Amino acid sequence: MASERVLYVEGIHTFYGAIEALKGISLEVHQGEIVTLIGSNGAGKTTTLRSINGLNHPRRGSIVFEGNDITRTPAHEIVKSGISQSPEGRKLFPRMTVSENLEMGAFQRTDRLETKDDMDRVFSLFPRLAERKSQKAGTLSGGEQQMCAIGRALMARPKLLLLDEPSMGLAPILVERIFAIIKEINDQGTPILLVEQNAMMALDVASRGYVLETGTVALADDAKALLRNEQVRKTYLGETD
Amino acid sequence: MKEADLVSEAHVQPIRARRDFGAHASQALGILLVLVVLVWLGVNLVKSPNDFGSVFLVGVSQGALYALVALGYTLVYGILELINFAHGDVFMLGGMITASLVVQLFGLGENPGFGILIAALLVSLAAAIAGCALLNAGIERIAYKPLRGAPRLAPLITAIGVSFILQNVAIIWKGTRPVSVPVSEFSAGHGGQLFKVGQVVYTADRLFVLAVTVPVLVGLIWLVKFTRAGKAMRATAQDKDAAAMMGIDVDRTISFTFLLAGGLAGVGGVIFAFYSTEIGFSTGFTLGLFAFTAAVLGGIGNLPGAVLGALLIGLIQNFNEGLAWHSPGSKWTQSLVFAILILILVFRPQGLLGERTPEGG
Ligand SMILES: Nc1ncnc2c1ncn2[C@@H]1O[C@H](COP(=O)(O)OP(=O)(O)OP(=O)(O)O)[C@@H](O)[C@H]1O
Ligand SMILES: [Mg+2]
Numbered sequence: 001m002a003s004e005r006v007l008y009v010e011g012i013h014t015f016y017g018a019i020e021a022l023k024g025i026s027l028e029v030h031q032g033e034i035v036t037l038i039g040s041n042g043a044g045k046t047t048t049l050r051s052i053n054g055l056n057h058p059r060r061g062s063i064v065f066e067g068n069d070i071t072r073t074p075a076h077e078i079v080k081s082g083i084s085q086s087p088e089g090r091k092l093f094p095r096m097t098v099s100e101n102l103e104m105g106a107f108q109r110t111d112r113l114e115t116k117d118d119m120d121r122v123f124s125l126f127p128r129l130a131e132r133k134s135q136k137a138g139t140l141s142g143g144e145q146q147m148c149a150i151g152r153a154l155m156a157r158p159k160l161l162l163l164d165e166p167s168m169g170l171a172p173i174l175v176e177r178i179f180a181i182i183k184e185i186n187d188q189g190t191p192i193l194l195v196e197q198n199a200m201m202a203l204d205v206a207s208r209g210y211v212l213e214t215g216t217v218a219l220a221d222d223a224k225a226l227l228r229n230e231q232v233r234k235t236y237l238g239e240t241d
Numbered sequence: 242m243k244e245a246d247l248v249s250e251a252h253v254q255p256i257r258a259r260r261d262f263g264a265h266a267s268q269a270l271g272i273l274l275v276l277v278v279l280v281w282l283g284v285n286l287v288k289s290p291n292d293f294g295s296v297f298l299v300g301v302s303q304g305a306l307y308a309l310v311a312l313g314y315t316l317v318y319g320i321l322e323l324i325n326f327a328h329g330d331v332f333m334l335g336g337m338i339t340a341s342l343v344v345q346l347f348g349l350g351e352n353p354g355f356g357i358l359i360a361a362l363l364v365s366l367a368a369a370i371a372g373c374a375l376l377n378a379g380i381e382r383i384a385y386k387p388l389r390g391a392p393r394l395a396p397l398i399t400a401i402g403v404s405f406i407l408q409n410v411a412i413i414w415k416g417t418r419p420v421s422v423p424v425s426e427f428s429a430g431h432g433g434q435l436f437k438v439g440q441v442v443y444t445a446d447r448l449f450v451l452a453v454t455v456p457v458l459v460g461l462i463w464l465v466k467f468t469r470a471g472k473a474m475r476a477t478a479q480d481k482d483a484a485a486m487m488g489i490d491v492d493r494t495i496s497f498t499f500l501l502a503g504g505l506a507g508v509g510g511v512i513f514a515f516y517s518t519e520i521g522f523s524t525g526f527t528l529g530l531f532a533f534t535a536a537v538l539g540g541i542g543n544l545p546g547a548v549l550g551a552l553l554i555g556l557i558q559n560f561n562e563g564l565a566w567h568s569p570g571s572k573w574t575q576s577l578v579f580a581i582l583i584l585i586l587v588f589r590p591q592g593l594l595g596e597r598t599p600e601g602g
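Line by line, the protein sequences are chains A and B. Numbering follows my numbering, with no gaps: position 148 of the first sequence is 148. Position in the second sequence (first residue = 1) + 241 = my numbering.
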């Protein structure tokens, strides 16, 4: 990879109380890339994202974003520096409308007019959201909520987008659609760090991938190589020999 | 989820039938109760419409005062799911600040002029708003913030402790006997009739309650609905992690909420001091419980709900104490209000306007 390194996570250890959820994770994301994190339940994927976005600061190790150390930066300032996220479980504001949720995504921005343009862009990516824009987010279907969560993250106009299991709980046809949109967002220039249970689809759109196991990086390779890796095929793609 | 419901349905059929019967019975009882109350109100209205009208107006004024305090409970509950039992005492200290200013700064005694009363009112408002806002935010910072993430009982018990501390502060400051706020000429009897609705006289004291409260309530709703700070509050109330991800400083938003709630309690304290012309260290406890009941009645966490609940409590109290024909009288007011609290908690815990969600908005 000759391209510029956007995010560099180096040897982070993150705890929940006394529980060490991450035991020295290192990874990087380069300009223009989709990088995927896969691994079984409880491997530490969500915790890795929460370390990056400032909700759980690591006790050791460092996180550098665009050359700035953000290891200890509070979550609300990290968004301003350009990292936004569609979190696990979507975490929409249930009693706000779709439009209000999207507006919240742009909360820290000051450029009103461009915010409006971005809202239109989100509506063109997800026409379904445009139809539902006055509906309370808490009453959307699972798929619509996922679209709203991704749209809200885009409203921050991120320089790095974190997605935590965007395909969770969606019908196969919607999963395809979400992945197509992830690709489209990336083609428009936003690097993405993608956490997925659906390893096959994730490795398919990603350029590189990391396999996490109980808080450590077990494998790191090009996505195509991981797709061919026998261990990955067995554990995460559900193949038997 | 769906499937589990279907499976369990078969087994709980008899229990459900019984619950349906219970629900119907209590519904019928509720309707009967409402009918009795309506008939009682109707008879009173017909027998002496003028008295009824003035009792109604007093009830609305008192309800507006309760609303100021109830909103503080509901704002804080909405954002932290904490019942801030110290809130009534913050309100009481606002009243004490007012008493001090009126007596010591303005030296008001018998028959103060109208102009100096207005000046005392404005200065008291400024001082009590600032004092109570900072006090409330300080309490949050010192007593509640370190307990964030602790089991919910911990901050609740702390809040009760803070309530006692504030009452003791008031005792040390003012003693155990209620202090008087000599502004009564402003109101009862003296204030003269300002306007008449039919035969009903509306006097200055009641008018000033509404003149202060209504703009404050409108301002609050506007702030929460339309300003950036208000959006940050609503987002934080609905999901703190998500709010932080949007770039909202959650700690600052919580501090701001306590400032706001404290400021409202300060306004309430001033109004109470001017309105009832007497305030004691335990005033906040009693009035706080009434306001809390109002917040629960409207749906705790729900701002319009708190106002509605407060107006209802104010009306209920004054109908109970003031109507001529068969009213139970003031010795029943507390029992009545707490009976309402219990009934609401049992039969409609989400309140009149609340949704069935853990946190309000
Ligand atoms: N709030 C918490 N308190 C205590 N332990 C936690 C907490 N959140 C996560 N953990 C633990 O940290 C470890 C990593 O969890 P994490 O949520 O990061 O896993 P994950 O890879 O995202 O899993 P999944 O695929 O199920 O979402 C797990 O062992 C989990 O039990
Ligand atoms: Mg996870």
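Virtual Cβ for every residue (Gly too), placed ideally from N, Cα, C. All values reported here derive from a predicted model rather than from experimental measurement.
Below 8 Å on the Cβ atoms is my guess for residue i versus residue j; work out the distance and round it to an integer in Å.
| i | j | result |
| --- | --- | --- |
| B/GLY529 | B/ASN377 | Not quite, the Cβ-Cβ distance comes to about 13 Å (not below 8 Å), so this is no contact. |
| B/GLY336 | B/THR524 | 7 Å |
| A/LEU193 | A/LEU92 | With a Cβ gap of about 21 Å, A/LEU193 and A/LEU92 do not count as contacting. |
| A/GLY151 | A/PHE126 | 6 Å |
| A/LEU162 | A/ILE12 | Actually they do not touch by this definition, with Cβ atoms about 15 Å apart. |
| B/GLY460 | B/THR315 | About 16 Å separates the two Cβ atoms, so there is no contact after all. |
| A/LEU212 | A/ALA218 | 7 Å |
Is it buried or exposed for residue i, if we count other Cβ within 10 angstroms and need 16 for buried?
| i | result |
| --- | --- |
| B/LYS481 | buried |
| B/ASN559 | buried |
| B/ASN409 | exposed |
| A/ILE63 | buried |
| B/GLY329 | buried |
| B/ILE398 | exposed |
| B/ILE489 | buried |
| B/GLY555 | buried |
| A/TYR16 | exposed |
| A/HIS76 | buried |
| A/GLN85 | buried |
| B/GLY319 | buried |
| A/ASN68 | exposed |
| B/PRO590 | exposed |
| A/PRO58 | buried |
| B/ASN291 | exposed |
| A/ASP120 | exposed |
To the nearest angstrom, report how far apart residue i and residue j are at their CA atoms.
| i | j | result |
| --- | --- | --- |
| A/ASP118 | B/LEU388 | 39 Å |
| B/GLY283 | B/LEU321 | 42 Å |
| B/GLY379 | B/ILE413 | 20 Å |
| A/GLY42 | A/THR214 | 7 Å |
| B/VAL455 | B/ALA305 | 8 Å |
| B/GLY356 | B/ILE512 | 17 Å |
| B/VAL537 | A/GLU230 | 60 Å |
| B/PHE526 | B/PRO392 | 25 Å |
| B/ARG493 | B/PHE499 | 10 Å |
| B/LEU358 | B/LEU458 | 23 Å |
| B/PHE579 | B/GLY471 | 32 Å |
| A/GLN108 | B/SER341 | 43 Å |
| B/VAL422 | B/ALA514 | 6 Å |
| A/GLU20 | B/LEU593 | 46 Å |
| A/LEU170 | A/SER26 | 30 Å |
| B/GLY539 | B/VAL548 | 7 Å |
| A/GLU28 | A/LEU154 | 21 Å |
| A/THR110 | A/MET104 | 12 Å |
| B/ALA565 | B/LEU286 | 10 Å |
| B/GLY348 | B/LEU451 | 26 Å |
| A/ALA243 | A/ASN198 | Examination of residue 243 of chain A is not possible in this model, given that chain A is present from 1 through 241 alone. |
| B/TYR385 | B/ALA400 | 8 Å |
| A/ARG128 | A/ARG95 | 19 Å |
| A/GLY189 | A/GLN146 | 21 Å |
| B/ILE272 | A/LEU55 | 50 Å |
Which partner residues of residue i appear in the DSSP bridge assignment?
| i | result |
| --- | --- |
| B/SER571 | Answer is none; B/SER571 lacks a bridge partner. |
| A/ALA220 | A/TYR210 |
| A/HIS13 | A/LYS23 and A/ARG60 |
| A/ILE38 | A/VAL211 |
| A/TYR236 | None, per the DSSP bridge assignment. |
Three CB pairs or more closer than 8 Å across the region 310-326 of chain B and the region 503-522 of chain B = yes
Determine, using beta-carbon pairs with one atom in the region 62-77 of chain A and one in the region 231-238 of chain A, whether at least three such pairs fall under 8 Å.
-> The count of Cβ pairs closer than 8 Å, one atom from the region 62-77 of chain A and one from the region 231-238 of chain A, stays below three, leaving the stretches out of contact.
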